[in-house]
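Chains as they are written, first to last, in our numbering: chain B, 6 to 237; chain S, 5 to 222; chain G, 9 to 234.
Report on one structure; see the data block that follows.
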Amino acid sequence: MDFDSLTFHSVTRNFGRRRALNRVSLTCRAGEIVALLGPNGAGKSTLLSIAATLLSPSAGTVRYGTHTAGDGGASLRGRIGFLAPDLFVYPELSAAEKLTFFARLHGLRDVGPLVEAALRGAGLYDRRDDPAGNFSRGMRQRLAIERALLHAPRLVLLDEPFTGLDDAAVEAIGTRLSALRDAGAIVLLTTHDLEVAERVANRAVVLSGGRLEAIDMSRGGLRESYRRVATP
Amino acid sequence: MPRIFLPLTLLVAAMFAYAPIMIAGAPIESTMFLVQKIFYFHVPSWFVMFSGAFLCAGASVRYLAKGSREADHYAVTGAELAVVFGLIGLITGPLWARKAWGVWWEWDVKLTLALVVWLTFVAYMLLRRYGGPGSEKLAAGVGIFGAANIPFVYYSVNWWRTIHPKTTVVPTLGPGMRGTFWFCVLAFMLLMVLIVAARVRLERQRALVDELYLNLED
Amino acid sequence: MTFLRVVWLVMRKDLLVELRSREILYTTVFFAVSCVLVFAFGFVREGQPMGDVGAGILWIAVAFSGTLALGRAFERERQSETLRALLLAPVDRPALYVAKLLGVMTLMAAVQVVIVPLVALFFQAPLFEHFLMLAALLFAGTVGFTAVGTMFAAMLSRARSRDVLLPVLLYPITVPVIIAGVRGTAALLQAEPDPAAARAWLSLLVSFDVVFITLALWTFEPVMTD
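Quick look at the structure:
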């Protein structure tokens with residue numbers, strides 16, 4: 006199962022009496038990194054969860070190429086890598102064990118070398134047998150990102166991937182994402198950090214009060230454009 | 005309001021108004037005398053409770069399988085009916101039992117089964133009320149499990165003990181009693197239909213209000 | 009990825025995590041023991057246990073500690089948001105249910121290893137005379153209780169008021185399991201043991217298990233997805 010675009014068609018999501026997303030339409034293609042910006046509570050996490058098939062839209066559809074989440078099923082899930090701001094960490098497992106578990110769960114081959122490469126890439130190889138509960142937040146973040154990317158997903162969804170990382174780590178992640186993009190992945194990430202967004206992303210869109218606005222990154226600075234769009 | 009409401013309400017009201025007359029006119033049962041007459045309301049209440057339970061379970065299956073909001077409205081209605089009419093049965097039962105057999109409660113099949121099913125649907129309502137958003141689906145699971153449980157509770161308690169008048173009490177009713185009994189059953193079932201219609205409509209209107217709130221934000 | 013392989017992977021991970029900290033194991037065993045003790049104070053008069061309370065207390069301790077273990081097992085998943093990660097994996101969702109079920113059952117087996125001798129001791133109940141039958145009853149009963157409990161605990165992990173709602177939901181549904189378990193065990197403990205009756209109760213437990221595991225496998229995916 007493969008696809009080269011992620012399309013939201015007029016997606017709406019309600020939680021009781023609150024409309025979190027209001028007729029959001031967006032297309033992300035293979036080979037681009039899209040930054041999803043917006044104030045807190047704008048619906049960014051909700052949109053990402055819908056893209057990850059964790060939530061279903063109250064109205065509208067999401068398409069992965071020509072497939073929907075319904076006909077994609079388990080194999081679609083195998084092509085998606087998702088990082089939530091609350092990191093999926095079992096404190097008792099070591100970094101190596103955690104990655105090995107997820108690799109096996111995804112049915113990957115050559116688990117050993119794959120896990121080793123991921124750990125080295127994240128700079129965690131030396132701490133691979135330490136329980137993840139002892140890691141600093143930044144290290145847990147690196148580990149979580151590696152877990153999300155372990156199965157070489159086609160669609161990469163990252164919710165606040167740069168929080169808690171130092172400059173070197175941000176650089177490293179940015180390079181990793183660029184490499185993924187060049188290999189044909191679709192990357193959609195949310196962030197509060199406009200500088201990083203400018204450095205890493207090809208395109209930026211803003212979610213404000215559940216509605217989507219595009220931003221022209223070429224004209225003026227990102228910060229200016231963002232302010233113009235996001236202020237109520 | 006759908007046009008059936010008014011005539012149905014009048015019919016049900018008339019039946020319930022007439023029922024006491026029928027009940028008073030029914031022959032007096034030889035062993036339990038006047039007290040036995042509570043049975044004309046007690047048994048139909050249980051009929052409604054079990055109908056409510058099965059309505060809830062059936063609607064829950066449909067809700068989980070198809071995601072139909074309508075089905076969810078029927079499910080919550082069924083559960084509420086089960087709780088309310090179950091409570092009526094649980095109150096009238098001991099009142100009758102005390103006078104007829106000298107005890108307020110006995111752990112026999114029907115009572116225990118009724119109590120367990122009632123508790124299950126009380127739990128359903130608690131889940132819907134306190135479970136937070138998204139508890140409709142969880143409650144649907146409870147409704148289905150609750151209904152599936154009924155034969156198991158019945159058999160397990162049955163093997164355990166039994167004192168309640170056997171089910172054969174209905175066919176052995178005297179002719180005068182039988183007429184009154186089925187009249188009351190009909191009255192209760194029509195009341196149930198009326199309540200289902202009104203309650204489902206209430207749920208639909210609530211959903212509509214939510215929609216309006218949502219559209220307000222546009 | 010076959011169904012069984014997924015079950016094995018997830019279960020192995022759960023047991024590994026639990027073995028590292030042993031938190032749920034110790035607290036649940038201790039709770040079960042305290043339960044039995046409290047009942048001892050309630051039901052033993054002048055050094056003699058009243059009637060055949062042994063059977064009842066054994067199953068109550070199993071039910072209460074089972075509820076605790078279920079709550080804790082899913083609380084841990086909820087805290088790490090790992091249930092979401094598992095739901096995102098390209099695996100059959102019912103396999104996750106089975107893995108969790110087997111994990112909790114293993115825990116309950118460990119608890120029962122401790123409290124069965126304890127109940128036999130405190131209540132002078134000859135629990136070891138028909139050991140195979142007792143083991144069968146405990147196994148079938150635990151499967152039934154845990155099958156429903158795992159389903160509800162998983163459902164509730166996303167809900168509010170989950171701690172108090174789990175017992176509220178679980179106990180009415182598992183009434184047949186408790187009745188069958190207690191009566192079956194009592195049939196083995198009475199003055200003239202009645203293995204035939206115990207077998208009858210066992211068959212009720214087994215049919216309960218089959219029906220409810222099937223129901224859970226059908227409803228797990230629709231209930232867990234939003």
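Built from N, CA and C at the ideal position, the CB exists for glycine as well.
8 Å or more divides the Cβ of Asp-171 (chain B) from the Cβ of Thr-195 (chain B). Closer than 7 Å at the C-beta level to chain S, one finds these residues of the region 183–202 of chain G: Val-183, Pro-184, Ile-187, Ala-188 and Arg-191. The C-alpha of Leu-110 (chain B) is placed about 21 Å away from the C-alpha of Gly-126 (chain B).
Straight across, the Cα-Cα distance linking Ala-79 (chain B) with Val-99 (chain G) is about 6 Å. Taking a beta-carbon distance threshold of 8 Å, Asn-19 (chain B) counts as an interface residue toward chain S. Under DSSP, the beta-bridge partners assigned to Phe-87 (chain B) are B:Leu-162. For Glu-200 (chain B), the enclosing alpha helix (DSSP H) starts and ends at 199–205. In the DSSP assignment, Cys-33 (chain B) is bridged to B:Leu-11. For Phe-45 (chain S), the CB contacts under 7 Å within the same chain, skipping 5 residues up- and downstream, are Thr-96 and Cys-188 in chain order. Proximity to Thr-35 (chain G) across G:Gly-189, G:Gly-74 and G:Pro-184 peaks at G:Gly-74, based on C-alpha coordinates. For Ser-80 (chain B), the enclosing alpha helix (DSSP H) starts and ends at 74–82. With its beta carbon less than 8 Å from one in chain S, Asp-234 (chain G) belongs to the interface. Within the region 196–215 of chain S, those residues whose Cβ lies closer than 8 Å to any Cβ of chain B are, in chain order, Asp-214.
Closest option to Ala-118 (chain G), judged by alpha-carbon separation, among G:Leu-140, G:Leu-135 and G:Thr-150: G:Thr-150.
Against chain B, the CB of Met-116 (chain G) has no partner CB under 8 Å away; the residue lies outside that interface. Proximity to Arg-170 (chain G) across S:Ala-30, S:Gly-136, S:Thr-184 and S:Ala-18 peaks at S:Gly-136, based on C-alpha coordinates.
With a threshold of 8 Å between beta carbons, Pro-98 (chain G) makes contact with chain B. Among the bridge pairs identified by DSSP, Asn-19 (chain B) is matched with B:Arg-24. Contiguous beta strand (DSSP E) elements confined to the region 124–169 of chain G do not occur, taking only those with 3 or more residues. Pro-136 (chain B) sits in a strand when the DSSP states are folded into three classes. The C-beta of Val-190 (chain G) has 16 or more other C-beta atoms within 10 Å across all chains shown, which makes the residue buried.
With distances taken between CA atoms, Met-6 (chain B) lies nearest to B:Ala-74 out of B:Thr-66, B:Leu-217 and B:Ala-74.
Below the 7 Å Cβ cutoff, chain B contributes Phe-106 as neighbours of Lys-21 (chain G), in chain order.
Within 10 angstroms of the beta-carbon of Arg-30 (chain G) lie fewer than 16 other beta-carbons, which makes it exposed. Nearest to Val-46 (chain G) by alpha-carbon distance, out of G:Glu-26, G:Val-25, G:Ile-68 and G:Thr-227, is G:Ile-68. In the structure shown, Glu-54 (chain G) falls within a coil segment according to DSSP collapsed to helix, strand and coil. Contact check for Gly-86 (chain B) and Ala-174 (chain B): beta-carbon distance about 18 Å, past the 8 Å limit, so the pair fails to qualify. Sequence-ordered contacts of the region 37–55 of chain B with chain G are nonexistent [C-beta pairs closer than 8 Å]. Between Arg-22 (chain B) and chain S, the shortest Cβ-Cβ separation is below 8 Å. For Leu-78 (chain G), the closest of G:Pro-180, G:Leu-66 and G:Leu-173 by C-alpha to C-alpha distance is G:Leu-173.
The C-beta of Asn-162 (chain S) comes no closer than 8 Å to any C-beta of chain G. When CB distances to chain G are screened at a threshold of 8 Å, not a single residue of the region 50–64 of chain S falls below it.
Excluding five sequence positions before and after Ala-123 (chain B), the CB atoms of its chain that fall closer than 7 Å to its own CB belong to Leu-104, Glu-151 and Leu-155, given in chain order. Here the alpha carbon of Gly-128 (chain B) sits roughly 18 Å from the alpha carbon of Leu-185 (chain B).
By the neighbour-count definition (other C-beta atoms within 10 Å, threshold 16), Tyr-22 (chain S) is an exposed residue. At a C-beta separation below 8 Å, Val-121 (chain G) has no neighbours in chain B, since its nearest C-beta there lies roughly 23 Å away.
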